[in-house]
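Counting along the sequence shown from 1, when you hit position 63 you're at 324 in the numbering used here, and nothing is skipped either side. Note that the Cβ used here is the ideal one computed from N, Cα and C, for glycine as well. In this text the structure is predicted, and so the values were computed from the model without any measurement. Working notes, structure below.
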Amino acid sequence: MRRPRAHIGAHAVLIATSLVMVTPFAWQIITSLKTLSGATRVPPSFLPEGRWENYGRVFELLPFGHQFLNTVLMTAGRTVGQVLLSSMAAYAFARLRFPGRGLLFGVFLSVLMVPPQLFVIPQYEIMLSLGWLNTLRALIVPGLFSAFGVFLLRQFFLGLPRELEEAARLDGAGPLRIYWSIMLPLARPGLVALSVLVLLWSWNDLFWPLVVNTDPEQMTLSAGLASLRGQFQTDYPVLMAGSLLASLPVIAVFVFLQRQFIQGIAHTGIKG
């Protein structure tokens, strides 16, 4: 009888945890279908009021199409660039032997201990001097490099058998050929895991787009939605409707790639 009871307890914990995670999303949907007075009522009501026009108001108050396209381009550029550059650096740290490799990797990882806010002013000065403010380049280029991405993929490359590289070298393949034709296909779970993480971070990035963009036409969705918050009053139903529309693509991508994401995270801990 212990095993069934253990299973019941485990399922009860999982159900309770799932409810805790789903409740904010359900509340967001309910609030997006209310009036402002209904959304701020005390005690709160858990019944929607069928105000579908809140979704239409999002497109009236924001250049939603432009901001959605900006977000897609920024996220795609960061994801592709960071995965490519991080995988190249990770392969070098994991497989290539050169003087000072361990020391250089330690210095590289030390960036993770520095709060990212400390880099904002130097990066802003660089964007200003290049004339990149209010452009997609200012949104994409600073997000192409990640010490965490290098660390994650390095752990994955360390878990791959060296015999494959040795066989490729006997066939005359060089480091670049081995990296592109052998290591990258084998590292697909790790690449998918990093891609999903970068996609989520980039899509939800708010601070940096607010720093480098003041033109509503060049803003991302997160920055555009933040502009809906008023100084004295905020239309929460419209804000929730816009947030829901902005989150749907990310949810769809994660549901589609969740199995590969979990496999990639699990495999990165094979070797230290």
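Exercise for the section: Could I get the ranges of all uninterrupted beta strand (DSSP E) runs contained in the segment 401 to 470, with 3 residues as the minimum, in chain order? Expected result: none
Exercise for the section: Check whether the Cβ atoms of Val453 and Gln521 sit closer than 7 Å, and answer yes or no. Expected result: The sequence position of residue 453 within the sequence shown is 192, counting from 1. The sequence position of residue 521 within the sequence shown is 260, counting from 1. For the pair Val453 and Gln521, the CB atoms are nearer than the 7 Å cut-off.
Handout entry: Assigned secondary structure, Met374 (DSSP; H/G/I helix, E/B strand, else coil)
Key = One-based indexing of the sequence shown puts residue 374 at position 113. Met374: helix per DSSP, three-state reduction.
Exercise for the section: Would you tell me roughly how many angstroms separate the C-alpha atoms of Lys532 and Gly299, rounded to the nearest one? Expected result: Taking the first residue of the sequence shown as position 1, residue 532 is located at position 271. Taking the first residue of the sequence shown as position 1, residue 299 is located at position 38. The predicted model places Lys532 with a pLDDT of 45, which falls under 50 and marks its position as unreliable; any figure quoted below should be read in that light. When rounded, the distance between both Cα atoms is 54 Å.
Handout entry: Backbone secondary structure at Trp288 - three-state DSSP
Key = Residue mapping note: residue 288 aligns to position 27 of the sequence shown, counting from 1. Residue state, collapsed to three classes: helix.
Problem - Same chain only: Cβ atoms within 8 Å of Leu447, ignoring 5 sequence neighbours per side - result: For the purposes of this step, residue 447 is identified with residue 186 of the sequence shown, where counting begins at 1. Leu421, Leu425.
Practice task
Starting from Thr340, trace the alpha helix (DSSP H) both ways and give me its first and last residue.
Solution key: Counting from 1 along the sequence shown, the entry for residue 340 is found at position 79. Counting along the chain, Thr340 sits inside the alpha helix (DSSP H) bounded by residues 325 to 356.
Exercise for the section: Would you tell me roughly how many angstroms separate the C-alpha atoms of Thr481 and Leu334, rounded to the nearest one? Expected result: Mapped onto the sequence shown, residue 481 falls at position 220. Mapped onto the sequence shown, residue 334 falls at position 73. Each residue's Cα considered, the two are about 10 Å apart.
Exercise for the section: Would you identify the three-state DSSP class for Lys532, choosing helix, strand or coil? Expected result: The residue given as residue 532 occupies position 271 in the sequence shown. Only weak support is given to the placement of Lys532: the predicted model assigns it a pLDDT of 45, under 50, and the value that follows is read from those uncertain coordinates. Reduced to three states, the DSSP call for Lys532 is coil.
Exercise for the section: Could you round the C-beta distance between Phe380 and Phe366 to whole angstroms and report it? I think they count as a contact, below 8 Å. Expected result: Sequence index remark: in the sequence shown, residue 380 carries index 119 (1-based). Sequence index remark: in the sequence shown, residue 366 carries index 105 (1-based). Not really, about 20 Å apart at Cβ, beyond 8 Å.
Handout entry: Nearest-angstrom Cα separation, counted from Val283 out to Met262
Key = Counting from one through the sequence shown, the residue named residue 262 turns up at place 1. Counting from one through the sequence shown, the residue named residue 283 turns up at place 22. Its pLDDT being 46, under 50, Met262 is placed unreliably in this model, and the value from its coordinates should be taken loosely. Rounded to the nearest angstrom, the two C-alpha atoms are 32 Å apart.
Problem - Straight-line Cα distance separating Leu391 from Phe515 - result: In the sequence shown, residue 515 corresponds to position 254, counting from 1. In the sequence shown, residue 391 corresponds to position 130, counting from 1. Cα to Cα, Phe515 sits roughly 35 Å from Leu391.
Handout entry: Residue nearest to Thr340 in terms of C-alpha spacing, selected from Glu321, Glu386, Ser456
Key = In the sequence shown, the residue the question calls residue 340 occupies position 79. Of the candidates Glu321, Glu386, Ser456, the one whose C-alpha sits nearest the C-alpha of Thr340 is Ser456.
Problem - Phe307 beta carbon near the ligand GDP (any heavy atom closer than 6 Å) - result: Looking at this structure, you won't find the ligand GDP or any other ligand, since it has none at all.
Handout entry: Distance between Arg415 and Thr475 (C-alpha atoms, nearest Å)
Key = By one-based count along the sequence shown, residue 475 stands at place 214. By one-based count along the sequence shown, residue 415 stands at place 154. Taking C-alpha positions only, Thr475 is separated from Arg415 by approximately 38 Å.
Problem - Val459 classed as buried or exposed, judged by whether at least 16 other C-beta atoms fall within 10 angstroms - result: Your numbering for residue 459 matches position 198 in the sequence shown. Buried is the call here.
Handout entry: Identity of the residue in Leu486, Gln494, Asp496 nearest Gly503 by Cα
Key = As a position in the sequence shown, residue 503 is number 242, starting the count at 1. If we check each option's Cα against that of Gly503, Leu486 comes out closest.
Problem - Beta-carbon contacts of Val344 that lie in its chain and below 8 Å, excluding the five residues immediately before and after - result: Taking the sequence shown and counting its residues from 1, one reaches residue 344 at position 83. Here the set comprises Gly410, Leu452, Leu455, Ser456, Val459.
Handout entry: Straight-line Cα distance separating Ile269 from Gly404
Key = Translated into the one-based positions of the sequence shown, residue 404 becomes position 143. Translated into the one-based positions of the sequence shown, residue 269 becomes position 8. If you take the alpha carbons of Gly404 and Ile269, they lie about 45 Å apart.
Handout entry: Contact check, Pro450 vs Gln519, beta carbons under 7 Å
Key = Within the sequence shown, numbered from 1, the residue matching residue 450 stands at position 189. Within the sequence shown, numbered from 1, the residue matching residue 519 stands at position 258. For Pro450 and Gln519, no; Cβs fall outside 7 Å.
Problem - Bounding residues of the alpha helix (DSSP H) (the contiguous stretch that carries Ser390) - result: Walking along the sequence shown from the start, residue 390 turns up at place 129. Taken as a continuous stretch (DSSP letters only), the alpha helix (DSSP H) holding Ser390 covers 381 to 391.
Practice task
Compare the Cα-Cα distances from Gly506 to each of Ile290, Asp496, Val274 and report the closest residue.
Solution key: For the purposes of this step, residue 506 is taken as residue 245 along the sequence shown, with counting starting at 1. What sits at residue 506 in the sequence shown is Leu, not Gly. Cα-wise, what sits closest to Leu506 is Ile290.
Practice task
Within the same chain, show all residues whose beta-carbon is closer than 8 Å to that of Leu461, passing over the 5 residues directly before and after it, in chain order.
Solution key: For the purposes of this step, residue 461 is taken as residue 200 along the sequence shown, with counting starting at 1. Around Leu461: Val511, Phe515.
Practice task
Measure from the alpha carbon of Glu386 to the alpha carbon of each residue in Pro285, Val274, Leu431, Val472, then state which is nearest.
Solution key: The sequence position of residue 386 within the sequence shown is 125, counting from 1. Nearest of Pro285, Val274, Leu431, Val472 to Glu386, Cα basis: Val472.
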